[in-house]
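To start, the structure under review is shown below, and the notes come after it.
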Amino acid sequence: CRCECDKTEQTCIALGPRHVYSEESCSCLCSPNLIHEKIDCENRTGYVWNTESCKCSCKNQRICPQGSLWDESVCSCLQNQEEECLLKHENLSAEVGRFNLYPVYLTSIVIVLIILIVASLCFIFSHRLRGPRYTHHHTVTDPRAAPPTAYTITLCSNQNLDKTT
């Protein structure tokens with residue numbers, strides 16, 4: 252009767268490069284090269300060092316609802332990328348059928364504004380070019396300075412200029 256170790260160096264090698272075989276404890280241990288990673292993990296809130304996988308793991312793992320997967324890097328459920336892609340594709344397909352009027356509306360507004368600006372500029376320049384010829388200065392400050400007005404008197408043959416009362 253003798254004691255034999257159920258783990259061998261080959262068993263630890265099969266687990267990956269993060270594991271090393273220890274004859275003293277007759278087990279697979281995490282590689283000493285991972286000590287800094289282990290310390291960083293233990294200093295993070297919500298994480299714990301997993302000695303079986305030799306990786307930092309979430310303290311509280313949950314079962315995710317359908318359509319999402321557990322993401323160990325953020326310790327939460329994330330939308331399944333494949334399903335998210337399908338949802339985006341369905342939404343895009345639905346929007347392709349609808350006509351987006353925003354570009355048409357915006358283009359119309361820009362055209363109307365350009366027409367208004369051009370018309371305003373034409374109006375301003377046409378009045379400035381005609382300006383001095385059509386200005387009216389009828390302000391008379393002194394009534395005696397006004398030019399004399401000519402009057403005509405028409406007499407009828409049956410009217411007499413001499414008035415007898």
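Here the sequence shown is numbered in the working numbering, starting from 252 and rising by one per residue. Built from N, CA and C at the ideal position, the CB exists for glycine as well. In this text, all values refer to a predicted model and were calculated from it rather than measured experimentally.
Assignment of S371 by DSSP, reduced to helix, strand and coil, places it in the helix class.
Approximately 7 Å separates the beta-carbon atoms of Y298 and S308; this is inside 8 Å, confirming the contact. Contact between the region 269–281 and the region 304–319 is established, with three or more Cβ pairs separated by less than 8 Å. When secondary structure is reduced to three states using DSSP, K310 falls in the coil class, being assigned neither helix nor strand. Counting along the chain, the unbroken beta strand (DSSP E) around D322 starts and ends at S319 to D322. Counting along the chain, the unbroken beta strand (DSSP E) around N301 starts and ends at Y298 to N301. V271 has L280 as its beta-bridge partners, per DSSP. Under the three-state reduction of DSSP output, S304 falls in the coil class, being neither helix nor strand.
In the structure shown, C326 adopts coil according to DSSP, grouped into three states.
Out of E255, K310, I360 and T262, the CA that lies nearest to the CA of R295 is found in K310. For T259, no alpha helix (DSSP H) run applies, since DSSP gives it neither H nor E.
With fewer than 16 other CB atoms across the displayed protein chains lying within 10 angstroms of its CB, C256 is exposed.
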